[in-house]
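First the structure, in the form of structure tokens, and then the observations on it.
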Amino acid sequence: MEPASGSRHAGSAARPPAAAAVLPAGGSGERLGSATPKQFCAVHGRPLVSYAVRAIERISWISDIIVVVSPENIETMKTIIQKYGHKRVTVVKGGITRHRSIFNGLKVFAENEFSKYLLQKPEVVVIHDAVRPFVEEDILLEVVMAAKEHGAAGAIRSLVSTVIASSADGFLDHSLERARYRASEMPQAFLFDIIYQAYQQCTDYDLDYGTECLHLALKYCKIKAKLIEGTADLWKVTYKRDLYAAESIIKDNLSQQICVITDVKEDAVQVGLLLHESLKSQIKVEAISISLCKNDSHLQNMFSGRCYNFIYIHDKQSAFQETQLLVDVLEKSNITLLYPVILILVHLNSSENISFSFGMEKLTRIKKFAREVKEKNIWVYGLLIHYKDHLPLQEAVNSAAALIMALIKDRNPELIGQLLVA
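Here is the structure:
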């Protein structure tokens with residue numbers, strides 16, 4: 000699910016200035032303890048840097064995104080941009096330190112040696128870490144507007160722990176009053192001319208050992224940055240546990256909405272209505288009844304939103320032709336480009352018994368179909384709702400709803416192609 004773009008403050012409704020973004024992505028990931036730099040580690044099957052790029056890319060008033068990577072990762076980054084369809088992105092070779100990499104990113108807008116890129120110089124430039132994937136438009140807009148007014152601005156957060164200083168021999172020297180201090184976060188924004196001038200004047204020592212861009216604006220341009228209270232989702236992926244936390248957040252975001260598609264036959268429509276009632280207290284549900292044998296325009300309209308979970312309910316022995324049509328429309332909609340889409344095929348059976356041969360045949364077909372469409376980033380699961388007089392339909396549907404929510408929330412690739420029974 001794409002993050003919602005809200006506004007925390009009424010003042011954020013002002014028209015933003017011409018803006019661009021620089022994303023340093025040259026870290027080695029040493030603290031992560033992985034051979035793969037953390038910005039390229041997969042989170043739910045997709046590199047972390049792609050999430051950060053997408054968070055910036057979806058904001059229409061940011062014209063250019065500069066991703067700065069180490070020389071050995073330039074081709075990797077270009078491949079990511081192509082694979083996930085990112086737009087307005089330029090990849091630049093980084094330096095040996097964070098500040099030198101950011102400086103290289105800024106040079107794209109100003110210096111002749113980067114003339115092969117030379118882009119339109121923005122009024123305001125945003126600097127944001129490539130390993131902070133959950134930044135929202137409202138905080139970006141607030142920081143950019145503050146930078147336009149004050150010259151520099153940055154997000155901050157309250158300190159969680161008290162900061163102390165140790166003496167040379169390893170004993171406590173002093174502690175800082177936690178209420179007076181804040182943690183500097185990203186995003187930060189600057190009038191382009193100010194931060195570029197600061198980097199031009201920067202000493203080698205600051206370029207090699209400094210980490211705080213706001214400090215450079217203060218030290219070299221006498222600009223005091225406006226500090227903006229940040230949101231809880233601005234945290235940085237640093238350790239391996241942060242990757243697991245990021246994946247959990249992404250799964251939760253993707254499991255907020257579901258579309259229930261039913262065949263037009265009476266039994267399927269009835270189950271669709273019952274399923275809607277059973278699910279609506281747990282998840283936002285859109286339910287439609289449609290014949291998938293027809294290339295109905297409503298199919299295309301369904302995918303204009305950002306739903307990544309679909310249920311198709313039918314009472315046919317085999318509905319793979321109709322399901323293939325649904326898969327084709329999903330693929331054409333491009334919603335499968337960034338995230339896996341879950342498709343749960345629900346088959347209704349009201350016979351007295353389910354034969355073993357029926358179950359095996361159904362399972363074999365679902366497994367084969369699931370393997371084929373997984374390559375399109377569509378994850379297919381099978382669900383059999385079996386009901387008869389001794390098992391009321393509502394009870395079977397409630398059981399199915401519980402299985403559906405588990406599949407959506409867990410998003411387990413190991414269960415792709417399995418047939419579950421409610």
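Residue 274 in numbering that gives the first Met the number 0 sits at position 275 of the sequence shown; the count goes up by one each step and never skips.
Every residue gets a Cβ at the ideal spot worked out from N, C-alpha and C, and that includes glycine.
On a predicted model such as this, the values are computed, not experimentally measured, just so you know.
P412 sits in a helix when the DSSP states are folded into three classes. Residue pairing by DSSP leaves Y198 without any beta bridge partner.
With a threshold of 16 other beta carbon atoms within 10 Å, N111 falls short and is exposed.
Distance from the Cα of A154 is smallest, within the candidate group L347, D205 and E141, for E141. The DSSP assignment places complete alpha helix (DSSP H) segments of no fewer than 4 residues inside the region 334-410 at 355-373 and 392-409, in order along the chain. Residue environment: V123 is assigned as buried (16 or more neighbouring CB atoms within 10 Å of its CB, all protein chains considered). Assignment of D232 by DSSP, reduced to helix, strand and coil, places it in the helix class.
Exclusion of the five residues before and after H346 leaves L383 as the residues of its chain whose Cβ lies within less than 6 Å of its Cβ. The alpha-carbon of V396 is positioned some 48 Å away from that of L22. If you ignore the 5 residues before and after I138, its C-beta comes within less than 8 Å of the C-beta of R7, A154, P186, I227, G229, T230 and L233, all in its own chain and listed in chain order.
Secondary structure in the region 238-301: the beta strand (DSSP E) runs of 3 residues or longer, each lying completely within the stretch, are 256-261 and 283-288 in chain order.
If the five residues before and after L342 are omitted, its C-beta is found closer than 6 Å to the C-beta atoms of F309, I377 and V379, all from its own chain and listed in chain order.
Note on N72: 16 or more other CB atoms within 10 angstroms of its CB, so buried under the neighbour-count rule. Taking a C-beta distance under 9 Å as the contact criterion, I282 and T261 do not qualify as a contact pair. For G153, the enclosing beta strand (DSSP E) begins and ends at A151 to S157. Under DSSP, Y311 shares a beta bridge with I260 and L344. For a cut-off of 8 Å, the C-beta gap from R156 to R181 is around 7 Å, short enough to register as a contact.
Judged by beta-carbon spacing, L47 lies within the 9 Å limit of L242, meaning their Cβ atoms are closer than that value. With respect to A13, W60 sits apart: the two C-beta atoms are not nearer than 9 Å.
Secondary structure note for S100: its alpha helix (DSSP H) is the uninterrupted segment R97 to K106.
Taking C-beta atoms under 8 Å as the contact rule, L402 and L414 fail to qualify, at a distance of about 10 Å.
Within its own chain, no residue has a Cβ closer than 7 Å to the Cβ of A167 once the five positions on either side in sequence are excluded.
V236 and K37 have their alpha carbons spaced roughly 8 Å apart. Following the DSSP letters along the chain, one finds T35 in no beta strand (DSSP E), marked with neither H nor E. For the pair Q255 and H173, the Cα-to-Cα distance works out to about 47 Å. Under a 10 Å Cβ-count criterion, L344 is classified as buried, with 16 or more other Cβ atoms of the shown protein chains found around its own Cβ.
Bounds of the alpha helix (DSSP H) holding I79 are I73 to K82. Annotated three-state conformation of R45 is strand, per DSSP. L22: member of the beta strand (DSSP E) spanning A18 to P23, first to last residue. DSSP places V67 in the uninterrupted beta strand (DSSP E) bounded by I61 to V68. The three-state secondary structure of T89, taken from DSSP, is strand. For A216, the number of other beta carbons within 10 angstroms of its own is at least 16, and it is reported as buried. In this structure, A41 sits away from A129, with a CB-CB distance that is not shorter than 9 Å. Beta-bridge partners assigned by DSSP to A182: R156.
If you draw a 10 Å sphere on the C-beta of F170, you find fewer than 16 other C-beta atoms in it, and that means exposed. Annotation: the continuous beta strand (DSSP E) that includes H173 extends over L171 to S174.
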